[in-house]
Amino acid sequence: MRTFKKSLTFEYIQIIVGAALVGLAFNIFLLPARLAAGGVSGISTILYEVFQFNPAYVQWLINIPLLIVGVVFIGREFSVKTLVGTLFVPFTIWVTQGMDFKVDNPLLSAIYGGIMLGVGLGIVYRGNGSTGGTALIAQVLKKFTGLSSGFSQLLVDGLVVATSAFVFNFELALYALMSIYVTSKVIDFVQLQTSPTKLILIRRY
Numbered sequence: 036m037r038t039f040k041k042s043l044t045f046e047y048i049q050i051i052v053g054a055a056l057v058g059l060a061f062n063i064f065l066l067p068a069r070l071a072a073g074g075v076s077g078i079s080t081i082l083y084e085v086f087q088f089n090p091a092y093v094q095w096l097i098n099i100p101l102l103i104v105g106v107v108f109i110g111r112e113f114s115v116k117t118l119v120g121t122l123f124v125p126f127t128i129w130v131t132q133g134m135d136f137k138v139d140n141p142l143l144s145a146i147y148g149g150i151m152l153g154v155g156l157g158i159v160y161r162g163n164g165s166t167g168g169t170a171l172i173a174q175v176l177k178k179f180t181g182l183s184s185g186f187s188q189l190l191v192d193g194l195v196v197a198t199s200a201f202v203f204n205f206e207l208a209l210y211a212l213m214s215i216y217v218t219s220k221v222i223d224f225v226q227l228q229t230s231p232t233k234l235i236l237i238r239r240y
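Position 5 (the sequence shown) corresponds to 40 in this note's numbering; numbering is contiguous.
Shown next as structure tokens:
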């Protein structure tokens, strides 16, 4: 019982740390470079560009119905963990929105933002949680299709980027796709603690 509690506590710590990294990746790299790199964060980036809506508030509002989806398809325990992740991502965005350290170069933001985002989401998934939004939809896809978390995320986020191409220019949409690809690979790397292609060494004794 004590071991179970320690394990559960560690999972929540993973979710909080991972969600904080996701929020930082958004504020430092993605939003300043206007990269709608999929998910609810991508939607909030588009709405910020068009209407100047606060991204943190937008993400909170969109995630409410998606949490209901989590209760129905994934289960109550997962949805509680998702609630934690869902709260911490926009909370981090809200707290750090005034920070001076921001990167608006689209190439650098696509690469390093994608890496930070992938590490954050990978840690959250290792804690059996989610940050809500389309990440939750990706987890539903993984459960019912057997696809990897990274590939499921790639499919869902691709739809958001396709939409964002009409709001931003085509070049920024391509950078956003690059960021999504980097994120998907890093997610799988973090979850597996190695690259998807495993190297097997055979030694002679």
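Built from N, CA and C at the ideal position, the CB exists for glycine as well.
The alpha helix (DSSP H) enclosing residue 158, as first and last residue numbers | In the sequence shown, counting from the first residue as 1, residue 158 sits at position 123. DSSP places residue 158 in the uninterrupted alpha helix (DSSP H) bounded by 149–161.
Label residue 117 either buried or exposed according to how many other C-beta atoms from any shown protein chain fall within 10 Å of its C-beta, with 16 as the threshold for buried.
-> For this step, residue 117 is matched to residue 82 along the sequence shown. Counting the other Cβ atoms within 10 Å of the Cβ of residue 117 gives 16 or more, which makes it buried.
Of the listed residues 76, 205, 68, nearest to residue 191 (C-alpha basis) | Working through the sequence shown from its first residue, we reach residue 191 at position 156. Ranking 76, 205, 68 by Cα distance to residue 191 puts 76 first.
Touch check for the segment 189–205 and the segment 61–78: three-plus C-beta pairs under 8 Å?
-> Yes, since at least three Cβ pairs between the segment 189–205 and the segment 61–78 fall closer than 8 Å, the two stretches touch.
Cβ pair count under 8 Å reaching 3, the segment 49–64 against the segment 149–162 = Cβ pair count under 8 Å is three or more, so yes.
Thinking just about the alpha-carbon of each residue, which of 71, 42, 63, 47 is nearest to the one in residue 128?
-> If you number the sequence shown from 1, residue 128 lands on position 93. That would be 63, whose Cα lies nearest to the Cα of residue 128.
Following the continuous alpha helix (DSSP H) through residue 202, name the residue where it begins and the one where it ends.
-> Looking up residue 202 in the sequence shown gives position 167. That residue, residue 202, is in no alpha helix (DSSP H); it is neither H nor E in DSSP.
Determine the extent of the alpha helix (DSSP H) in which residue 75 is found, giving its start and end residues.
-> For the purposes of this step, residue 75 is taken as residue 40 along the sequence shown, with counting starting at 1. It spans 74–86 - the alpha helix (DSSP H) in which residue 75 sits, taken as one unbroken run.
Does the beta-carbon distance from residue 185 to residue 222 come in below 8 Å?
-> Sequence index remark: in the sequence shown, residue 185 carries index 150 (1-based). Sequence index remark: in the sequence shown, residue 222 carries index 187 (1-based). For residue 185 and residue 222, yes; Cβs fall inside 8 Å.
Which of the three DSSP states, helix, strand or coil, is assigned to residue 102?
-> Within the sequence shown, the letter at position 67 stands for residue 102. Residue 102 sits in a helix when the DSSP states are folded into three classes.
Pick out whichever of 70, 43, 227 has its Cα sitting closest to the Cα of residue 154.
-> Within the sequence shown, residue 154 is the residue found at index 119, counting from 1. Among 70, 43, 227, the Cα nearest to that of residue 154 belongs to 227.
Given a cut-off of 8 Å, decide if residue 83 and residue 145 are closer than it, judged by their beta-carbon atoms.
-> The count along the sequence shown starts at 1 and reaches residue 145 at position 110. The count along the sequence shown starts at 1 and reaches residue 83 at position 48. Going by C-beta atoms, residue 145 is not nearer than 8 Å to residue 83.
Residue closest to residue 208, alpha-carbon to alpha-carbon, out of 96, 60, 69 | Counting from 1 along the sequence shown, the entry for residue 208 is found at position 173. Closest by C-alpha distance to residue 208, out of 96, 60, 69, is 69.
Straight-line Cα distance separating residue 67 from residue 137 = Here residue 137 refers to the residue found at position 102 when the sequence shown is read from its first residue. Here residue 67 refers to the residue found at position 32 when the sequence shown is read from its first residue. Cα to Cα, residue 137 sits roughly 7 Å from residue 67.
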